[in-house]
Amino acid sequence: MSTVVSTRSDADAGAEMRGRGRLVLAERVLEKIAGQAATEVVATTGRSGGFLGRRTESDPNARPKVDVTLSAESADLALAVGIAYPGSIRRATQEVREHVTERVETLTGVDVRRVDIDVTFLSLSDGSAPKALR
Numbered sequence: 086m087s088t089v090v091s092t093r094s095d096a097d098a099g100a101e102m103r104g105r106g107r108l109v110l111a112e113r114v115l116e117k118i119a120g121q122a123a124t125e126v127v128a129t130t131g132r133s134g135g136f137l138g139r140r141t142e143s144d145p146n147a148r149p150k151v152d153v154t155l156s157a158e159s160a161d162l163a164l165a166v167g168i169a170y171p172g173s174i175r176r177a178t179q180e181v182r183e184h185v186t187e188r189v190e191t192l193t194g195v196d197v198r199r200v201d202i203d204v205t206f207l208s209l210s211d212g213s214a215p216k217a218l219r
């Protein structure tokens with residue numbers, strides 16, 4: 086699914102914009118922007134490698150998995166991230182939620198209605214293997 090974004094709200098701009106065309110954003114674009122924004126928060130990591138979800142490893146350079154549901158005027162995001170541990174998981178997820186919302190809205194003009202975060206593993210700061218959460 087994709088959505089049409091309008092950045093001007095006054096009535097006079099409507100007539101002018103009809104002659105220019107329109108901007109269509111695919112869900113995949115929002116997924117990439119949200120994934121990149123999540124990696125900009127220090128406490129988050131993604132996973133890389135593996136096959137069918139097995140033997141994957143924590144990778145601070147990998148983007149977290151993101152699913153987007155677009156409606157006509159807003160987007161709902163669902164992220165699967167790893168969080169650095171020890172540390173406050175609640176604080177880290179709040180930082181991710183705020184940063185991803187701000188970046189997606191700024192870069193696309195799409196209103197982010199909800200950001201769900203699924204912490205799928207903890208990345209230990211001592212360099213040992215991550216612990217999967219069940």
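Residue numbering for the sequence shown follows my numbering, starting at 86 and increasing by one per position.
Just so it is clear, CB atoms sit at the ideal spot from N, CA and C, and this is done for glycine as well.
Does DSSP classify Val127 as helix, strand or coil? Taking the sequence shown and counting its residues from 1, the one referred to as residue 127 is at position 42. Here Val127 sits in coil by DSSP.
Look at Val127 and Ile168 and say whether their C-beta atoms are less than 8 Å apart. Translated into the one-based positions of the sequence shown, residue 127 becomes position 42. Translated into the one-based positions of the sequence shown, residue 168 becomes position 83. Not a contact, by the Cβ cut-off of 8 Å.
Quick one: using the 10 Å Cβ neighbour count with 16 as the cut-off for buried, is Thr193 buried or exposed? Position 108 of the sequence shown, counted from the first residue, corresponds to residue 193. Buried: at least 16 other Cβ atoms inside 10 Å.
Beta carbon of Val189 nearer than 8 Å to that of Leu115: In the sequence shown, the residue the question calls residue 189 occupies position 104. In the sequence shown, the residue the question calls residue 115 occupies position 30. Yes; because the gap between Cβ atoms is below 8 Å, this pair is in contact.
What does DSSP give as the partner residue(s) for Ser159 in the beta ladder? Position 74 of the sequence shown holds residue 159. Note: Ser159 sits in a beta bridge opposite Asp196.
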